[in-house]
Every structure is written in structure tokens, then in C-alpha cells.
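**Q** The structure's right below; bear with me while I get my questions together.
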Ligand SMILES: Nc1ncnc2c1ncn2[C@@H]1O[C@H](COP(=O)(O)OP(=O)(O)OP(=O)(O)O)[C@@H](O)[C@H]1O
Ligand SMILES: [Mg+2]
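Protein chains in written order, with the working numbering: chain A, -6 to 212; chain B, 2 to 330.
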């Protein structure tokens, strides 16, 4: 599904932040991506999301060489990938309902066709009572769950989550992890960037560990 | 779909969350109310008002200058001076006959004694007897604008056949007026161009300023998989409406200004000073060109706002998805 071959990234003229990344993400796989703060987790997720171009190496996404993609083809690829940003990136002038529905709305879908899905998903992540609230008045954990809901609404083939449990208490974190596992069972590949060890101990999955720019994989 | 939350059916279980399923009116993707967008509307309104006023003033000046030219060119004057031993009345009759028979002349009027008296009164006082004075006789000759007579031949004929006759086609005056009118029109047009340039620049920069607060929205739309066309379209539509609101307000206000001004001039129509002003500036009313131009300006400025926002979005989208060193390099 995704293949990295000898990928390296540097920002500006600095050191390479990521070096010699060679791995595959298989359809239906589940992996934790871990490493110290600043190790490059977010950078690797951005590579996977095609919002960062590698300085060298080859990235193949859904069978296509990413460097050969036209800018006009990116939206179509993005629609197959759901992403939860570390800083959520919810839009403050929209309600939670509208934020979560946004990916469907920009694809031109009618509101009534997705109303039930959006509300069910918001209920599932425990945000039933703030459906019509604006993100700015919500707690960090609530915003985080809304961001997860937005990433899931269009049933992506690959889910990328950057510290999705960073602002959650252990109970909610476990609940969210169960959601990800369930999602994975239904066929979605999942990559969760985290440095929460208790979270990783709850589920036996592939671990991708970033250390000083290099990637070590524990199957 | 209607809200059925408070209509419990007898045999079906009531869903406590039914009210959540109600229809929602979605907020626009581009936020409507912001300080930046009100400021943009205001700036556009002011610039449109000023540009429309300039346009109106330039068309009035242009029309007036053209009016001067044609009014003066439509008439020539023949003067017959009294000459010793020649009957003045006979000469006037002869001059009138020559002029009337000339091709391109539509009418000849001999300026009568009463009119002459009125004309001379301010200088010579009332109660004067024209018989006693060697006052020349004047004839005004109306000419056909579309087929003007050959003035040089007419002049030669008059001088040859009528003693004491001379002809004034106001050429010297006319040339000076034409030069002045042309200068005024060119100056007015340059002022209008400057005004338009500053309007365009102001609108572009104000639009870009109002857009800068929207970068995060563009980014999020991009990351949730929106097409470039979709994002650009949302912003373009939003900014076109903002621009149209501003430019329509400014343009309509400018049109009202001209209408009020024209009414005021008309209302003071009997006042001698107003009459004098009207001689020089026409009726002060803007021609159709001015009104049409202002309406075109309203739409052009709205379109400019929309296009600017579109290009700003597309340029910003172009900078996303790049490695930082590509942006720097
Ligand atoms: N846009 C950028 N420009 C320049 N340097 C960057 C940029 N983004 C990240 N970096 C650098 O790249 C390195 C890796 O950053 P990254 O955000 O990928 O780490 P991370 O593993 O996600 O950290 P954290 O756990 O704190 O989120 C850091 O040293 C950071 O300073
Ligand atoms: Mg990070």
C-alpha cells in the first residue's frame, strides 16, 4: 500500500532529520510509531500524507510514485488517507458537526446524506453533547476526539494519527485505542504516533521506532 | 425532514437523541463576519465612490468641452460697417442675400435695433439713438453642422460685394477653446487613470490583507482533500459578494451625488449666477456614459476583488506540500 525506499528528509540546509527510511505499510496493518520528542514522528507522518516531499529516495503511495503525482491528483490520494494532526486543526468558525462533516462537504455531498453518519460518529467518540458547539470552547481532549472523528468520517484506507491520546485521560485513551483497533479490523491500516508507553502496552502491534533519524522496526 | 423529538409514538421506542438529527443550516466555509472583511468592504466602498466621482467629473468635462466647440462652430457673425456714401440698409440686405444663398447656411438673422440697443446699453447708457452713431450692423448666420459651408469663399464673396463687410467665424476663439477643452479632457482622463490605478492597488492589497487571516482555513480544506478549484471557488464567491456590497454602496452613493447636484443646479436655474455656471459647465448633469461607466465600475471592482482572492488562494496552495528548502530556494 505504501513503500518507502531509502527516503531522507532535511529541512532547509540543516542535518537530515530522517535518514535511509526503507519500509512498507501493508493493507490492514496496525503500527505504533514512536520515538523521543523531535525524533521526526510528525515529519514521517507528513511524508506519508504527501504534505512533505522527501529530499531523496522513493515513496510509493497506493502503487504510484509520489514524485510523479500531479498537484491535481493529490486531493484524490488524500481522500483515501485520514489524518489527525497533533494540533487538531479544527476550524473555529464551524461547529463540531460542521468540522467533522467537512471532508464530505468538500467532496460535494449533500448534508442529509451524511447527517446520521456524522452524528453517530460524534456520539461514538463521546461528543454527543457538544455537536453544535464551536471548538474554541471545548477542552483539549474534546477537540482531539473531534479531530479523530473528522479523520474517520470518510472511512479512509489509511489512518494517520499524531499523538491522538496526548490530551486524554487513560480511560478515554483506551476507548479511542479500541476505536482504532475496531477500525483496523474492518480493513483500515492504522499508524499511531505516540510516546505513551502504557497505550502501546495495551495492544500488541508492530512498532516503528525513530532514533536519531533512523528507523527500527519491531514486528 | 421535520423535528419529531416531542411527538412520541405509542408503540415505537422514543430515541432520546432524535433531536440531534434535525436539519442544520451549514455555516459558510469561509467565515462571513470578520473585522478584516468589514474593513475591506468599507475600503472598496470609498474607493468606488471616489473613482465614480472622478469618472463622472471627467465625462461632464468632456461633454461640456465638446458642447462649447459645437455651439460656437454652429454660428458665424457678419459685420457690416457704415461706409460713407453707401446705404447701410442696402448693404445689410445684400450681405444677407449672399449668405442665405450659400450652400450649408441654414438661416440668417439680422440683429435688430432693439437687440443692438440692449447689447450696447451697459456701455453707452440708455436712451441712445442708434441713427446718430456709426454702429455696425450684425448678422448671425446659422450653419449646417453636417454640411458646413466653405467659409473662405463666403468671406471673399462678402468682402468683394458688400462695402464694409467682414466675417467672423470665431476661429481664433474656437481654436483656443478646442485646445483648452482637449487639455482638460486629457488631464481629466489622466486623473481618472491614476484614480483607477490606486483603486486597483488598494483593492488588491486590502483583499490580500483580508485573506491573510484565512490561511489556516485554506490549509485545512487542502488537507481534508478539497480540490484546488473548490477552495478557490469558495473564496472567490465570498470575496465577490464582499466586493459587490462595497462597490455597489460606493457607486450608488456617487450616482446619488450626481443626481442631487443636477437637481440642485436645476432648482437654482433662474439664478443669474447659476445661468452663468450653466453656460460654462453645461447643465452639470452627467451623460449616459457616466451612469453606465459607474455601473460597469461597480461590477469591475467586485470582479477584481474576486479574482484577487482566487489568485491569493492558488498561490498559497502552491506553497503547501513543499519541502521548506524548496520554498527558500
Ligand atoms: N517545518 C520545519 N522546518 C524546520 N525544521 C523542522 C520543521 N518541522 C520539524 N522540524 C525539525 O525536525 C525535527 C523533527 O520534528 P518532528 O516534528 O517531526 O518531531 P516529532 O517526533 O513529531 O516531535 P514531537 O514528539 O515533539 O511531536 C525537529 O528537530 C524539528 O525541529
Ligand atoms: Mg510531532
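Beta carbons: idealized from backbone N, C-alpha and C, even for Gly.
For the alpha helix (DSSP H) containing residue 182 of chain B, list its first residue and its last residue.
**A** 172 to 213
**Q** If you measure between the beta carbons of residue 206 of chain A and residue 8 of chain A, is that distance less than 9 Å?
**A** yes
**Q** Is residue 156 of chain A near ligand 1, with its Cβ less than 8 Å from a heavy atom?
**A** yes
**Q** Counting only beta-carbon separations shorter than 9 Å, does residue 4 of chain B have a partner in chain A?
**A** Residue placement at residue 4 of chain B is poorly supported in this model, since its pLDDT is 46, which falls under 50; the coordinates are not used for a value here.
**Q** The alpha helix (DSSP H) spanning residue 302 of chain B covers which residue range?
**A** 289 to 320
**Q** If you drop the 5 nearest sequence neighbours on each side, which residues of the same chain put their C-beta closer than 6 Å to that of residue 46 of chain B?
**A** So the list reads 247, 250 and 251, once near-sequence residues are dropped.
**Q** May I ask you to list the residues that DSSP assigns as paired with residue 16 of chain A?
**A** A:-3
**Q** Does the contact criterion of 3 or more C-beta pairs under 8 Å hold for the segment 158 to 176 of chain B versus the segment 87 to 101 of chain B?
**A** Inter-segment contact for the segment 158 to 176 of chain B and the segment 87 to 101 of chain B is present: three or more beta-carbon pairs are separated by less than 8 Å.
**Q** Using a Cβ-Cβ distance cut-off of 9 Å, determine whether residue 187 of chain B contacts chain A.
**A** For residue 187 of chain B, the answer is no, since every Cβ of chain A falls outside 9 Å of its Cβ.
**Q** When the Cβ atoms of the segment 31 to 47 of chain B are set against those of the segment 56 to 76 of chain A, are three or more pairs found closer than 8 Å?
**A** By the Cβ criterion, the segment 31 to 47 of chain B is not in contact with the segment 56 to 76 of chain A, since fewer than three pairs of Cβ atoms, one from each stretch, lie closer than 8 Å.
**Q** Tell me which residues of the segment 16 to 41 of chain B have at least one Cβ-Cβ distance to chain A shorter than 8 Å, keeping chain order.
**A** 18, 21, 22, 24, 25, 27, 28, 30 and 32
**Q** Just to confirm, is the Cβ distance from residue 314 of chain B to residue 236 of chain B under 9 Å?
**A** yes
**Q** Cβ of residue 188 of chain A versus every heavy atom of ligand 1: is any distance shorter than 8 Å?
**A** yes
**Q** So residue 225 of chain A and residue 16 of chain A are in contact, right, with Cβ under 8 Å, and what is the actual spacing, rounded?
**A** Outside the displayed range of chain A (-6 to 212) lies residue 225 of chain A, so it cannot be described from this structure.
**Q** Quick one: is residue 257 of chain B buried, meaning 16 or more other Cβ sit within 10 Å of its Cβ, or exposed?
**A** exposed
**Q** Three Cβ pairs or more, each shorter than 8 Å: is that satisfied between the segment 237 to 245 of chain B and the segment 107 to 117 of chain A?
**A** no
**Q** Under 8 Å between beta-carbons, which chain A residues line up against residue 225 of chain B? List them in chain order, please.
**A** 71, 95, 96, 99 and 143
**Q** Regarding residue 35 of chain A and ligand 4, is the C-beta to nearest heavy atom distance less than 8 Å?
**A** In terms of ligand content, the structure shown lacks ligand 4 and carries ligand 1 and ligand 2 instead.
**Q** My understanding is that residue 96 of chain B touches residue 140 of chain B, with C-beta atoms under 8 Å, so please give their C-beta distance in whole angstroms.
**A** Rounded to whole angstroms, the Cβ separation of residue 96 of chain B and residue 140 of chain B is 6 Å, and the two are in contact under 8 Å.
**Q** For residue 327 of chain B, which residues from the same chain have a beta carbon less than 6 Å from its beta carbon, with the 5 sequence-adjacent residues on both sides left out?
**A** The predicted position of residue 327 of chain B is uncertain, since its pLDDT is 38 and thus under 50; a value taken from the coordinates is nonetheless stated next. Same-chain partners within the cutoff: there are none.
**Q** Tell me which same chain residues have a C-beta within less than 8 Å of the C-beta of residue 141 of chain A, skipping the five on either side of it?
**A** 77, 118, 154, 157, 169 and 172
**Q** Could you say which of B:222, B:64 and B:108 lies nearest to residue 98 of chain A if we only look at CA atoms?
**A** Closest option to residue 98 of chain A, Cα to Cα, is B:222.
**Q** Secondary structure at residue 33 of chain B, three-state DSSP: helix, strand or coil?
**A** coil
**Q** Starting from the C-beta of residue 61 of chain A, find all residues in its chain whose C-beta is less than 8 Å away, skip the five residues before and the five after it, and write them out in chain order.
**A** Residues of the same chain with a CB within less than 8 Å of the CB of residue 61 of chain A, apart from the 5 flanking positions on each side, do not exist.
**Q** Which runs of the alpha helix (DSSP H), 4 residues or longer, sit entirely within the segment 170 to 205 of chain A?
**A** At a cut-off of 4 residues, the continuous stretches assigned as alpha helix (DSSP H) that sit fully inside the segment 170 to 205 of chain A are 190 to 194.
**Q** Quick one: which unbroken alpha helix (DSSP H) runs of 4-plus residues sit fully inside the segment 106 to 164 of chain A? Chain order, please.
**A** 133 to 145
**Q** Given this structure, state the Cα-to-Cα distance separating residue 21 of chain B from residue 111 of chain A, to the nearest angstrom.
**A** 11 Å
**Q** Within the 9 Å Cβ cut-off, does residue 314 of chain B reach chain A?
**A** no
**Q** Hey, could you find the ends of the alpha helix (DSSP H) residue 83 of chain A is sitting in?
**A** Residue 83 of chain A -> no alpha helix (DSSP H), and no H or E assigned at all.
**Q** What residue range does the beta strand (DSSP E) around residue 24 of chain A cover?
**A** 23 to 28
**Q** Once DSSP output is grouped into helix, strand and coil, what is the label at residue 237 of chain B?
**A** In the structure shown, residue 237 of chain B sits in a helix (DSSP, three-state: H, G or I).
**Q** Is the beta carbon of residue 1 of chain B less than 9 Å from the beta carbon of residue 200 of chain B?
**A** In the structure displayed, chain B extends from 2 to 330; residue 1 of chain B sits before or after that span and is not available.
**Q** Residues of chain A with CB under 7 Å from residue 218 of chain B, in chain order?
**A** 84
**Q** Looking at the strands, I want to know which residues DSSP matches up with residue 79 of chain B.
**A** B:140 and B:168
**Q** Is it the case that the segment 177 to 194 of chain B contacts the segment 106 to 118 of chain B, given that we only count it when at least three CB pairs across the two stretches are under 8 Å?
**A** no
**Q** Give the secondary structure of residue 116 of chain B by DSSP, where H, G and I count as helix, E and B as strand, and everything else as coil.
**A** helix
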